[in-house]
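*Asks:* For the sequence shown, my numbering assigns the number 11 to the initial residue and increments by one for each residue that follows.
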Amino acid sequence: QNILEGWAREHGVNAEDVLGYRKEYAEIAPLVAELREVFKQIISRRLKERWKFSPQLETEGEELSEDTLVESSIESQTGGQPRAFRELEKQKKEQEGYGMLDMTLVNDLSGSMNEGGKLVMDRKSKLLFLESLADFQKEIEQAEYESGVSLGLQVRTETRAFGDFGDTELKELSTDLSEKDRIGIWKKMHKAGGGTPDYLSLNEVLKSITPEQEKELREKLRRKIVVVLSDGDSQDAGKVQAVLLQLRNKGVIVLGLGMTESGVAVKDTYKPDAEVITDIKTLPQAVQKVILKYTQDL
């Protein structure tokens, strides 16, 4: 207990909150583990592809001929530098872009989320979203460090929520996920109230897209996915559809997930990219599928 309290103080969080977070994380940990294996496969494939363009041996003069191999091998065994490789130079060739992914989760914290265990599932889905993609980014960085090869991959996450407070940013768009982020988001996801001003969060996402990011989106160098989890009608479906049009025109993919039968309105509000999750217990698996769908082809 003392160790936990010390660790919590060091990271600026409450020990009880850490225990609560870990308990809920344990329930979605198997889904994170499944995604981790997929991410490792993506990185392995990407690494093989990048070796064709990244640090590799190339001749600066004559091509290496087979009749020099035996002599070179003997010279190497006696401690000398093989003549056949003396003029070989390691050069780094990298491709920029492609494989850059930004994912945004927008959560409904309206009053109706307090019913039927929806708020808990919403919170666990947020944990899955953030933890799995933070894992992916760490795997990328570790692979790049160990291989010395730039994979041309980057994963950034951000998260917002809407409710009686209007819109709030829970985590800014970045590759990082600190302990303070984890616990702060988890605590915020315990309280819900008010209506469904989902258009406010979408509008903030729209405003955050820089000209440079828009250029990357249009040139398909960066992919941006926004997933909205809501259990009811928008306060203003017209405003939602107007901002959706602008986002999609910039190349952003926006998906609406309706939580339980009461969220069926998302099928119209967010069409054509929308579906209803009738059993709230399957919401984390639905989020996992979204993550998988948009990462497996990187």
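Don't be surprised by glycine CBs; every beta carbon is placed ideally from N, CA and C.
I need the straight-line Cα distance from residue 257 to residue 188, nearest angstrom please.
*Replies:* Sequence index remark: in the sequence shown, residue 257 carries index 247 (1-based). Sequence index remark: in the sequence shown, residue 188 carries index 178 (1-based). Rounded to whole angstroms, residue 257 to residue 188 spans 28 Å at the Cα level.
*Asks:* Measuring straight from C-alpha to C-alpha, what distance separates residue 286 and residue 163?
*Replies:* The residue labelled residue 286 in the question sits at position 276 within the sequence shown. The residue labelled residue 163 in the question sits at position 153 within the sequence shown. About 31 Å.
*Asks:* Would you kindly check if the distance between the Cβ of residue 203 and the Cβ of residue 119 is under 9 Å?
*Replies:* The residue you call residue 119 lines up with position 109 of the sequence shown. The residue you call residue 203 lines up with position 193 of the sequence shown. Result yes, Cβ atoms of residue 119 and residue 203 sit closer than 9 Å.
*Asks:* Can you tell which of 180, 306, 280 and 271 has the C-alpha that lies nearest to the C-alpha of residue 122?
*Replies:* The sequence position of residue 122 within the sequence shown is 112, counting from 1. In terms of Cα proximity to residue 122, the closest of 180, 306, 280 and 271 is 271.
*Asks:* Between which two residues does the alpha helix (DSSP H) holding residue 3 run?
*Replies:* Residue 3 lies beyond the stretch modelled for the chain, which goes from 11 to 308, so this question has no answer here.
*Asks:* Please go through the same chain and pick out, in chain order, the residues whose beta-carbon is closer than 7 Å to the beta-carbon of residue 209, but skip the five residues on each side of it.
*Replies:* On the sequence shown, residue 209 is found 199 positions in, with the first residue counted as 1. Excluding residues within five positions, the ones whose Cβ falls inside 7 Å are 244, 246, 249, 250 and 253.
*Asks:* In whole angstroms, what separates the C-alpha of residue 276 from that of residue 239?
*Replies:* Here the question's residue 276 lines up with position 266 in the sequence shown. Here the question's residue 239 lines up with position 229 in the sequence shown. Their Cα atoms are separated by approximately 9 Å.
*Asks:* For residue 187, does the three-state DSSP call read helix, strand or coil?
*Replies:* Locating residue 187 in the sequence shown gives position 177, where the first residue counts as 1. If DSSP states are grouped into helix, strand and coil, residue 187 belongs with coil.
*Asks:* CB-CB under 6 Å to residue 111, same chain, minus the five flanking residues each way: which ones, in chain order?
*Replies:* Locating residue 111 in the sequence shown gives position 101, counting from the first residue. 165 and 233.
*Asks:* Do the region 148-159 and the region 172-184 touch if we need at least three Cβ pairs shorter than 8 Å?
*Replies:* no
*Asks:* Measuring straight from C-alpha to C-alpha, what distance separates residue 236 and residue 32?
*Replies:* If you number the sequence shown from 1, residue 236 lands on position 226. If you number the sequence shown from 1, residue 32 lands on position 22. Taking C-alpha positions only, residue 236 is separated from residue 32 by approximately 26 Å.
*Asks:* Enumerated in chain order, which unbroken segments of the alpha helix (DSSP H) with a length of 4 residues or greater are wholly contained in the region 143-204?
*Replies:* 189-198
*Asks:* Which residues in the same chain as residue 200 place their Cβ atom closer than 6 Å to its Cβ, once the five residues preceding and following it in sequence are excluded?
*Replies:* Here residue 200 refers to the residue found at position 190 when the sequence shown is read from its first residue. The answer is none, since no qualifying residue turns up.
*Asks:* Just checking my contact of residue 45 with residue 263 at CB under 8 Å: how many whole Å lie between their CB atoms?
*Replies:* As a position in the sequence shown, residue 45 is number 35, starting the count at 1. As a position in the sequence shown, residue 263 is number 253, starting the count at 1. Between residue 45 and residue 263, the beta carbon gap of about 19 Å keeps them out of contact (Cβ cut-off 8 Å).
*Asks:* Taking the alpha helix (DSSP H) that residue 266 belongs to, which residues open and close that run?
*Replies:* In the sequence shown, the residue the question calls residue 266 occupies position 256. Unbroken run through residue 266 is the beta strand (DSSP E), 263-269; no alpha helix (DSSP H).
*Asks:* Which residues in the same chain have their Cβ closer than 7 Å to the Cβ of residue 53, if we skip the five residues on either side of it in sequence?
*Replies:* Position 43 of the sequence shown, counted from the start, is the residue given in the question as residue 53. These residues qualify, in order along the chain: 149, 150, 153 and 161.
*Asks:* Return the first residue and the last residue of the alpha helix (DSSP H) that residue 39 is part of.
*Replies:* What you label residue 39 is simply residue 29 of the sequence shown in a count that begins at 1. Residue 39 -> alpha helix (DSSP H) spans 25-60.
*Asks:* Which residues in the same chain as residue 138 place their Cβ atom closer than 7 Å to its Cβ, once the five residues preceding and following it in sequence are excluded?
*Replies:* Residue 138 sits at position 128 when you count from the first residue of the sequence shown. Same-chain partners within the cutoff: 38, 41, 42, 294, 297 and 298.
*Asks:* Can you give me the C-alpha to C-alpha distance between residue 186 and residue 114, rounded to a whole angstrom?
*Replies:* By 1-based counting over the sequence shown, the position of residue 186 is 176. By 1-based counting over the sequence shown, the position of residue 114 is 104. For residue 186 and residue 114, the distance between alpha carbons rounds to 14 Å.
*Asks:* Would you mind reading off the limits of the beta strand (DSSP E) that contains residue 234?
*Replies:* Translated into the one-based positions of the sequence shown, residue 234 becomes position 224. Taken as a continuous stretch (DSSP letters only), the beta strand (DSSP E) holding residue 234 covers 232-240.
*Asks:* If you draw a straight line from the C-alpha of residue 48 to the C-alpha of residue 222, how long is it?
*Replies:* On the sequence shown, position 38 is the one that residue 48 refers to. On the sequence shown, position 212 is the one that residue 222 refers to. For residue 48 and residue 222, the distance between alpha carbons rounds to 30 Å.
*Asks:* Between residue 197 and residue 27, which are expected to be in contact by the criterion C-beta below 8 Å, what is the C-beta distance as a whole number of angstroms?
*Replies:* The count along the sequence shown starts at 1 and reaches residue 197 at position 187. The count along the sequence shown starts at 1 and reaches residue 27 at position 17. Right, the Cβ-Cβ distance comes to about 6 Å (below 8 Å), so this counts as a contact.
*Asks:* Do residue 224 and residue 266 have their CB atoms nearer than 9 Å?
*Replies:* One-based indexing of the sequence shown puts residue 224 at position 214. One-based indexing of the sequence shown puts residue 266 at position 256. Going by C-beta atoms, residue 224 is not nearer than 9 Å to residue 266.
*Asks:* Rounded to the nearest angstrom, what separates residue 168 and residue 116 at their Cα positions?
*Replies:* Position 158 of the sequence shown, counted from the first residue, corresponds to residue 168. Position 106 of the sequence shown, counted from the first residue, corresponds to residue 116. Going by the C-alpha atoms only, they are around 9 Å apart.
*Asks:* From which residue to which residue does the beta strand (DSSP E) around residue 279 run?
*Replies:* By 1-based counting over the sequence shown, the position of residue 279 is 269. No beta strand (DSSP E) holds residue 279; the alpha helix (DSSP H) holding it covers 276-279.
*Asks:* Out of 283, 282 and 274, which has the shortest C-alpha to C-alpha gap to residue 289?
*Replies:* Within the sequence shown, residue 289 is the residue found at index 279, counting from 1. Here the closest residue by C-alpha is 274.
*Asks:* So, using beta-carbon positions, are residue 170 and residue 130 closer together than 9 Å?
*Replies:* As a first step, residue 170 is located in the sequence shown; it is residue number 160 there, counting from the start. As a first step, residue 130 is located in the sequence shown; it is residue number 120 there, counting from the start. No, the pair does not count as a contact, with Cβ atoms beyond the cut-off.
*Asks:* Exposed or buried, which one is residue 307 when buried takes at least 16 other CB atoms within 10 Å?
*Replies:* Start at 1 with the first residue of the sequence shown, and residue 307 comes out as number 297. Residue 307 counts as exposed, since fewer than 16 other beta carbons sit within 10 angstroms of its beta carbon.
*Asks:* Measure the beta-carbon distance from residue 159 to residue 57 and round it to whole angstroms, keeping in mind my assumption that it falls under 8 Å.
*Replies:* The count along the sequence shown starts at 1 and reaches residue 159 at position 149. The count along the sequence shown starts at 1 and reaches residue 57 at position 47. With a Cβ gap of about 6 Å, residue 159 and residue 57 count as contacting.
*Asks:* Measuring only the C-alpha atoms, how far is residue 282 from residue 206?
*Replies:* Translated into the one-based positions of the sequence shown, residue 282 becomes position 272. Translated into the one-based positions of the sequence shown, residue 206 becomes position 196. In this structure, the CA atom of residue 282 is about 20 Å from the CA atom of residue 206.
*Asks:* Where does residue 246 sit, in a helix, a strand or coil, going by DSSP?
*Replies:* Here the question's residue 246 lines up with position 236 in the sequence shown. Correct three-state label for residue 246: coil.
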